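S.K.: Residue numbers (full-length UniProt numbering): 1 to 748. Beta carbons are placed, not taken as given, at the ideal position from N, Cα and C, and that holds for glycine. On a predicted model such as this, the values are computed, not experimentally measured, just so you know. Below is one structure. I have some questions about it.
Below, the structure is given as structure tokens:
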């Protein structure tokens with residue numbers, strides 16, 4: 001795909017960036033994304049952002065951080081805004097981002113308004129050259145989470161708290177912009193909001209209509225549209241608004257200069273009273289009906305409207321400049337690429353249809369933490385963005401290359417973009433599909449003569465296409481896991497047996513590459529019997545060292561990416577801290593030597609290859625792995641022996657496969673260590689798994705490794721750490737997901 005410039009005198013479509021900077025309060029605890037992603041401590045992030053070619057950056061000068069006790073300290077902001085100015089990147093300064101203000105105020109406190117206005121004036125006086133402001137990010141969303149659902153402080157759970165939080169934030173936006181414009185009359189309001197649509201069954205049309213009117217409230221208030229003719233006016237009075245305070249918005253509106261649309265795959269909802277179709281934990285309702293509020297993408301046959309529908313809808317309603325101010329998707333790398341690419345295409349299409357779309361914002365440049373729980377828990381669940389912050393320095397992902405290309409109007413090609421995103425594939429449907437057309441289900445009625453998006457245009461129920469990933473090792477645990485997860489991620493793949501491609505036979509490799517024309521090869525084939533390798537060293541060497549070298553040479557000739565796997569057995573076990581990629585390989589066994597030789601040969605032949613060291617598989621789809629054998633024996637009341645003097649870092653294969661595929665898509669090369677965090681003995685591993693599975697451990701026998709009569713010498717300590725990034729979750733997290741998947745749940 002390629003970028004696009006504006007035509008007919010319209011300004012060119014810009015690429016912006018943004019940092020997830022939420023400082024939300026839960027009880028008395030503040031969850032600060034800038035601390036968690038490390039940007040609070042890294043000035044040089046701004047140089048990384050500028051190198052992407054972005055024109056503007058949504059940047060936090062947050063009230064809670066800058067003036068927590070009422071006295072502002074601008075040293076942090078001085079250095080960063082000054083650096084952005086030097087770099088030629090225009091800041092869009094945010095003052096409150098899903099926050100509730102410093103500890104002495106809240107969204108239900110009238111003093112919030114004057115307090116934010118005073119702070120905004122201080123910011124404007126200190127940085128008079130700044131022209132773009134977002135005083136409060138997503139006031140409607142924040143009011144819902146803080147006043148209606150009770151997730152964030154002040155934890156309201158009714159319409160009155162919701163409306164008061166919303167009115168407070170909108171009044172604060174207007175007051176802040178008045179204060180800023182008294183200093184800088186050129187200042188522009190870039191107002192962000194999530195405006196996802198709700199549809200429903202006919203019975204619940206009244207609730208869908210209410211939510212579809214409600215989603216515009218923050219923008220309608222700022223635009224001065226909430227008068228006696230507004231469809232929600234009577235409800236607002238019942239929730240405690242006075243006619244006077246609503247009239248104040250009409251008399252003195254604060255219309256945004258740019259309407260910022262934050263659209264997520266969860267933004268579109270479907271309401272369904274047929275509870276039996278859904279799990280009980282999803283059941284909810286209102287005072288009239290019980291129903292389920294489900295993500296539309298999971299049940300609506302026609303699919304979701306997407307960015308294009310939302311852009312055109314906002315343009316038709318307000319006829320003011322629009323921008324996509326957050327384009328981000330949690331999940332695997334190819335889906336993140338597909339989402340941002342789709343958002344940019346939508347912006348180009350909306351401009352072609354006549355909408356004044358100014359920019360697309362690559363959001364969460366540094367990723368985000370714990371948004372899977374709406375930031376109400378501190379669990380360390382991280383979603384990478386344009387950069388991945390889990391290493392010693394932020395690492396650019398494949399998204400960085402896409403952003404650079406879009407910012408420069410250049411073509412960007414990646415094999416994974418040949419397939420549609422999961423939200424456009426049939427597997428998106430988790431429940432019995434509902435056709436909005438066939439059932440007469442309720443969707444918001446639009447007025448105006450502007451362009452619309454027909455359901456057939458947005459269904460796009462495509463399938464995975466494009467060149468495949470070639471996977472060797474069809475009979476092995478890891479090969480089968482790769483094939484399964486490639487299918488889940490919409491990555492075309494071919495899983496080959498040794499008969500279909502013998503990796504140690506150059507002619508066989510050449511024939512397979514010629515036939516399948518892959519863009520990447522993932523080599524999981526090899527000799528895995530560590531003890532038998534002492535008796536068959538030549539066979540082990542052929543499969544584990546010669547084979548990967550042959551693959552590396554063939555991939556070099558064809559320009560094909562290569563991933564191959566090594567082992568913690570390349571180390572001698574004399575260390576006392578987790579081994580990292582730069583530690584020298586000193587194998588003890590024939591198996592370990594074959595892996596060490598393979599590492600050297602592959603990277604010598606093909607420096608762009610990705611060589612992954614890993615260890616001790618825990619696999620939900622293979623009943624013959626160590627943990628599966630142990631739990632089976634303990635459940636049956638049989639004794640199970642496990643070494644208590646050998647320390648390893650076990651690896652959950654779905655985590656390993658997903659991380660390796662992400663690194664492959666990112667274009668990473670060289671040695672990487674991938675294992676779940678936590679070093680344990682084999683006996684401790686069984687005990688942890690048994691505890692989570694609620695299995696009695698009376699028959700677990702911890703013993704010295706010599707009692708197991710192992711033929712091959714093994715390192716007593718082979719825990720894997722990393723200098724490049726600890727990408728896999730903690731062991732207990734992995735074990736919990738292993739047990740859930742093994743018992744029929746999803747492996748994530």
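1) At 3 residues or longer, and completely inside the stretch 297 to 379: list those beta strand (DSSP E) runs for me, N to C.
2) Below 8 Å, how does it come out for the stretch 128 to 145 and the stretch 180 to 193: are there three or more Cβ pairs, yes or no?
3) Once DSSP output is grouped into helix, strand and coil, what is the label at residue 193?
4) So, for residue 294: in the same chain, excluding its five sequence neighbours on each side, which residues have a beta-carbon less than 6 Å away from its beta-carbon?
5) Can you tell me whether residue 244 is buried or exposed, with buried defined as 16 or more other CB within 10 angstroms of its CB?
6) Given 8 Å as the limit, is there contact between the stretch 340 to 355 and the stretch 688 to 704, that is, 3 or more CB pairs closer than that?
7) Our contact map puts residue 726 next to residue 390 with C-beta atoms below 8 Å; I'd like the distance itself, whole angstroms only.
8) Does the stretch 282 to 289 come close enough to the stretch 302 to 322 to have 3 or more Cβ pairs within less than 8 Å?
9) For residue 117 versus residue 72, is the C-beta spacing smaller than 9 Å?
10) Could you name the residues of the same chain whose beta carbon sits closer than 6 Å to that of residue 176, not counting the 5 residues immediately before and after it, in chain order?
11) Nearest-angstrom Cα distance between residue 350 and residue 156?
12) Which same chain residues, not among the five before or five after residue 460, have their C-beta less than 8 Å away from its C-beta?
13) What residue does the alpha helix (DSSP H) around residue 557 start on, and which one ends it?
14) To the nearest angstrom, report how far apart residue 472 and residue 497 are at their CA atoms.
15) To which residues does DSSP link residue 30 through a beta bridge?
16) Rounded to a whole number of angstroms, what is the C-alpha to C-alpha distance between residue 96 and residue 65?
17) Is residue 102 near residue 69, with beta carbons less than 9 Å apart?
18) My output table needs one value for residue 740: the three-state DSSP class, helix, strand or coil.
19) For the alpha helix (DSSP H) containing residue 682, name the first residue and the last one.
20) Taking a contact to mean a Cβ-Cβ separation below 9 Å, would you say residue 602 touches residue 642 in this structure?
21) Out of 703, 428, 614 and 296, which one is the CA nearest neighbour of residue 524?
22) First and last residue of the beta strand (DSSP E) that includes residue 471?
23) Suppose the cutoff is 6 Å on Cβ atoms and the five residues either side in sequence are ignored; what does the same chain contact list for residue 372 look like?
24) Taking the CB atoms as reference points, tell me whether residue 59 and residue 84 lie closer together than 9 Å.
25) Cβ of residue 625 within 9 Å of Cβ of residue 720?
26) Taking the CB atoms as reference points, tell me whether residue 313 and residue 290 lie closer together than 9 Å.
27) Would you kindly check if the distance between the Cβ of residue 675 and the Cβ of residue 692 is under 9 Å?
28) Which word fits residue 595, buried or exposed, when buried means at least 16 other C-beta atoms lie within 10 angstroms of its C-beta?
29) What's the gap between the Cα of residue 213 and the Cα of residue 231?
30) Check whether the Cβ atoms of residue 605 and residue 552 sit closer than 9 Å, and answer yes or no.
31) Which of the three DSSP states, helix, strand or coil, is assigned to residue 262?
32) For residue 324 versus residue 337, is the C-beta distance shorter than 9 Å?
33) Label residue 93 either buried or exposed according to how many other C-beta atoms from any shown protein chain fall within 10 Å of its C-beta, with 16 as the threshold for buried.
34) For residue 488, collect the residues of the same chain with a Cβ closer than 8 Å to its Cβ; drop the 5 residues on either side in sequence, then sort them by chain order.
35) Looking at residue 715: is its Cβ nearer than 9 Å to the Cβ of residue 588?
36) In whole angstroms, what is the alpha-carbon distance linking residue 466 and residue 151?
M.R.: Judging by the given coordinates:
1) 322 to 327 and 357 to 362
2) yes
3) In this structure, residue 193 counts as strand in the three-state DSSP scheme.
4) 270
5) Exposed, by the Cβ-count rule.
6) no
7) 6 Å
8) Result no; under three Cβ-Cβ pairs closer than 8 Å.
9) Note that the C-beta distance between residue 117 and residue 72 is not below 9 Å.
10) 116, 117, 120 and 135
11) 38 Å
12) Here the model assigns residue 460 a pLDDT of 43, short of 50, so the residue's position is not dependable, and the following value carries that caveat. Within the same chain, residue 460 has close Cβ partners 303, 420 and 424.
13) 547 to 558
14) 6 Å
15) According to DSSP, residue 30 bridges with 25.
16) 10 Å
17) yes
18) helix
19) 682 to 693
20) For residue 602 and residue 642, no; Cβs fall outside 9 Å.
21) When each option's Cα is compared against that of residue 524, the closest is 614.
22) 469 to 472
23) 381
24) It is a contact, given that the beta carbons lie within the stated cut-off.
25) no
26) Against a cut-off of 9 Å, the Cβ pair of residue 290 and residue 313 comes out as no contact.
27) no
28) buried
29) 7 Å
30) yes
31) In the three-state reduction of the DSSP assignment, residue 262 falls in the strand class, which pools E and B.
32) Taking C-beta atoms as the reference points, residue 324 and residue 337 fail to come closer than 9 Å.
33) buried
34) 427
35) It is a contact, given that the beta carbons lie within the stated cut-off.
36) 43 Å
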